[in-house]
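The block underneath contains the structure these notes are about, expressed in structure tokens.
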Amino acid sequence: MMGIETMKSVSPKTVDRSTLVQRSSIRLDPAAPREDRLREFIKQIRNPYCYLDGKTVVKISFAATDTTMEDCLEHYLRGL
């Protein structure tokens with residue numbers, strides 16, 4: 001299994017697509033506790049920072065900030 005830093009550093013431009021998991025293939029038990037679902041998701045997706053969604057390679061990263069997603073969306077919507 002890859003370490004966290006290795007998973008984070010995968011480049012969507014150079015990654016071997018055959019090593020990525022298709023997001024739609026993930027199956028979770030909705031009745032399971034949240035922690036178990038999260039653990040199972042990571043086990044199945046293998047790299048939560050880089051995976052496939054259809055034909056698209058998805059790369060996720062997080063900023064080192066206290067700003068929440070809700071804060072960002074509110075700021076964006078106020079600017080419309």
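Numbered continuously in full-length UniProt numbering, the sequence shown closes out at residue 80.
Even for Gly, the Cβ is constructed at its ideal location relative to N, Cα and C.
For clarity, every value in this text was computed on a predicted model and none was experimentally measured.
Where residue i sits in the DSSP three-state scheme
i            : result
lysine 59    : strand
aspartate 66 : coil
arginine 49  : Here residue 49 turns out to be tyrosine, not arginine, going by the sequence shown. Coil at tyrosine 49, not helix or strand.
methionine 7 : helix
leucine 80   : coil
CB-CB length for residue i against residue j, believed under 8 angstroms
i          : j         : result
proline 12 : lysine 55 : Incorrect: roughly 12 angstroms between the Cβ atoms, too far for contact.
Cβ pair residue i, residue j closer than 7 angstroms
i            : j          : result
cysteine 72  : valine 10  : no
glutamate 40 : leucine 28 : yes
Just checking, does the segment 39-47 make contact with the segment 20-28 on the three C-beta pairs under 8 angstroms criterion?
Contact holds between the segment 39-47 and the segment 20-28, because three or more Cβ pairs, one in each stretch, are under 8 angstroms apart.
Which runs of the alpha helix (DSSP H) fall wholly inside the segment 9-45 and span at least 4 residues, in chain order?
Runs of the alpha helix (DSSP H) spanning 4 or more residues and lying entirely within the segment 9-45 occur at 34-45, in chain order.
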